[in-house]
Amino acid sequence: MIGIKLPVSADEIRKLKAGDEVSITGIMVTARDAAHKYLVETDAEDVRDLLKGSMIYHCGPVVKKGDDGKYTFVAAGPTTSIREEPYEAKVFEKYDVRAAIGKGGMGADTLAACGKFGSVYLSAIGGIATTLAQSVVEVLDVKKLEEFGVPEAFWVIRVENFPAIVTMDSHGNSLHDEILEKSRGEYDKLVG
Amino acid sequence: MEHKKLTAHFLELIRRASTSLPPDVVEALRRGIENEEPDSAAASTLGLLLENSQKAKDAETPICQDTGALYFFIEYGPDYRQSQLVEAIEAATAEATARYYLRPNAVDSITGKNSGDNLGAGAPNFHFTERDENGLRVRLLLKGGGSENVCAQYKLPDGRLKAGRDLDGVRKCVVDAVFQAQGKGCSPGIMGVGVGGNRDSSYGVAKKQLLRDLGDVNADPELADLEKRLMGELNLLGIGPMGLGGKTTVIGVKAGQLHRLPACFFVSIAYLCWAARKAFMTLKEEEVAYDWD
Chain A
0 MIGIKLPVSA
10 DEIRKLKAGD
20 EVSITGIMVT
30 ARDAAHKYLV
40 ETDAEDVRDL
50 LKGSMIYHCG
60 PVVKKGDDGK
70 YTFVAAGPTT
80 SIREEPYEAK
90 VFEKYDVRAA
100 IGKGGMGADT
110 LAACGKFGSV
120 YLSAIGGIAT
130 TLAQSVVEVL
140 DVKKLEEFGV
150 PEAFWVIRVE
160 NFPAIVTMDS
170 HGNSLHDEIL
180 EKSRGEYDKL
190 VG
Chain B
0 MEHKKLTAHF
10 LELIRRASTS
20 LPPDVVEALR
30 RGIENEEPDS
40 AAASTLGLLL
50 ENSQKAKDAE
60 TPICQDTGAL
70 YFFIEYGPDY
80 RQSQLVEAIE
90 AATAEATARY
100 YLRPNAVDSI
110 TGKNSGDNLG
120 AGAPNFHFTE
130 RDENGLRVRL
140 LLKGGGSENV
150 CAQYKLPDGR
160 LKAGRDLDGV
170 RKCVVDAVFQ
180 AQGKGCSPGI
190 MGVGVGGNRD
200 SSYGVAKKQL
210 LRDLGDVNAD
220 PELADLEKRL
230 MGELNLLGIG
240 PMGLGGKTTV
250 IGVKAGQLHR
260 LPACFFVSIA
270 YLCWAARKAF
280 MTLKEEEVAY
290 DWD
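Chains as they are written, first to last, in numbering that gives the first Met the number 0: chain A, 0 to 191; chain B, 0 to 292.
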């Protein structure tokens, strides 16, 4: 298990290889569909500084608002990342983001951007929402809550020992592509 | 039954569905661990799924943050009216959202605005059946967006798959859907398969299969054979838990059929993630019973 503290440098991220297990500590930001569209179409001054050298978590959490007005994450597993494929490479470039964390993997554009900018794609386990919410130790802020709604807002969170696996590295390797190609052999036999 | 009591029972049904995994699914995930290589990533992932489910149950928090769309399948006797049930379920759904058993998951498709309480046009989904006997039988399924996005519908014959208008053609469609989905629907999944029907009823019968117990056997011997064969074949694909490789790609295949038009042969695959959240309830007079804890 490799520990990563945020913010992190591109050099540090380039040391990671597909298959490595990592444990992340620091401040990151959630972003899903509406947020990615916004990041690409505007300059997003409200989150720009937070994203620099940090990571984007593809997550639409269940969030509890306490009597004191403070938010806590109740359930916070990853969402399917491929929906952000049309945006992610641009987001990495424009905001100097070191990783996207999600599930299911991403495509060729994101893989190329990982190599170009020194970034990675990390897989968190889908559906272990209570467990991952416990790694989110503090909700620091939220942006665009009213406009985007709870699942789609930018939640600024402090995580401790957040577990994930590098499944796309900055050297052109994608575990998702490997599994796809392996399964294609068996698929051809079953359908052919 | 008075509105307040009825609402409380539905709220409890939603809480159970969102925060605890049904015993047949737990059992299937355990079997998955036994089939994987000891100490493999697949085995440890399956272990984490079960561990998280227990934590969620203990803390009464959602197993998955995508608490899904709500599908209510309701059989009701002469002592109930549909309007009364809709009213109670809508109240329970809004309350379940306020209590964080559900994430606000109903978005206006035109304005993009989240309704905030899971109510809206077509939300929740209702399937009513009338019956002669008094009382209620309610089966609730929560199905998330990741698995919904990888559902697929085919029209036989299919040239690309060399799939004809027979059960072997149906089999090829299911293999293709699972291959295309890879890990994106949160494997290991449960496949509801609809054979025949029209565009919408085909998906409808596919989704209804997801309510079946994973251990049951199809009453139709040909569909029973198809289910068994597909369970074996799909787990040869090597996609594994969360698409990261392994022998456990599906934990259930359940098929149902409808008559079709001579010109049409649809095959629909309703993919349900491993976090197969369902809860069943029976109401008779003032007595309520849930099918499991």
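Where is the CB? At the ideal position from N, CA and C, for every residue including glycine.
These figures come from a predicted structure and were not determined experimentally.
Can at least three beta-carbon pairs, one atom from the region 6-20 of chain A and one from the region 154-170 of chain A, be found at a separation below 8 angstroms?
yes
- prompt: Assuming residue 177(B) and residue 233(B) make a contact with CB atoms under 8 angstroms, what is their CB distance in whole Å?
  reply: 5 angstroms
Any beta-carbon of chain A closer than 8 angstroms to the one on residue 42(B)? no
Exercise. For a contact meaning CB atoms closer than 7 angstroms, what does residue 124(A) contact in chain E?
Worked result: The displayed structure is made up of protein chains A and B, and chain E is not among them.
Close beta carbons around residue 243(B), own chain, < 8 angstroms, minus the five adjacent residues each side | 40, 41, 44, 182
- Query: Roughly how many whole angstroms lie between the Cα atoms of residue 46(B) and residue 101(A)?
  - Reply: 19 angstroms
Can you check the region 141-175 of chain A for any alpha helix (DSSP H) of at least 4 residues that lies completely inside it and give the ranges in chain order?
144-147
**Classification of residue 97(A) by the beta-carbon crowding that lies within 10 angstroms, buried from 16 upward** = buried
Rounded straight-line distance, which links the Cα of residue 239(B) to that of residue 143(A):
37 angstroms
- Query: Between the region 152-180 of chain B and chain A, which residues of the former have a C-beta closer than 7 angstroms to a C-beta of the latter?
  - Reply: 160, 171, 174, 175, 178
*Whose CA, out of 38(A), 62(A), 61(A), 58(A), lies closest to the CA of residue 51(A)?*
38(A)
*Of all the options 177(A), 56(A), 61(A), which has the alpha carbon lying nearest to the alpha carbon of residue 161(A)?*
56(A)
### Message
Tell me which residues share the same chain as residue 237(B) and place their Cβ nearer than 8 angstroms to its Cβ, disregarding the 5 neighbours each side in the sequence.
### Response
244, 245, 246, 248
**Item:** Residue interval of the beta strand (DSSP E) (run including residue 174(B))
**Value:** Where residue 174(B) is concerned, there is no enclosing beta strand (DSSP E), although the alpha helix (DSSP H) it sits in stretches over 166-180.
Review point. Excluding the five sequence neighbours on either side, which residues of its own chain have a C-beta within less than 6 angstroms of the C-beta of residue 253(B), listed in chain order?
Key: 191, 208, 211
Identified DSSP bridge partners for residue 216(B) = For residue 216(B), which the question treats as bridged, DSSP gives no partner whatsoever.
Checklist entry - Looking only at its own chain, which residues have a Cβ that is under 6 angstroms from the Cβ of residue 106(B), when we skip the five neighbours before and after it? => result 113
Checklist entry - Per DSSP, residue 136(B) forms a beta bridge with which residues? => result 74(B), 281(B)
- Query: Which term fits residue 1(B), buried or exposed, when burial requires 16 or more other beta carbons within 10 angstroms of its beta carbon?
  - Reply: exposed
Worksheet item: Which residues in chain A sit within 8 angstroms of residue 103(B), going by Cβ to Cβ distance?
Response: 148, 149, 150
ask   = What's the call for residue 174(A), buried or exposed, on a 16-neighbour Cβ count within 10 Å?
value = buried
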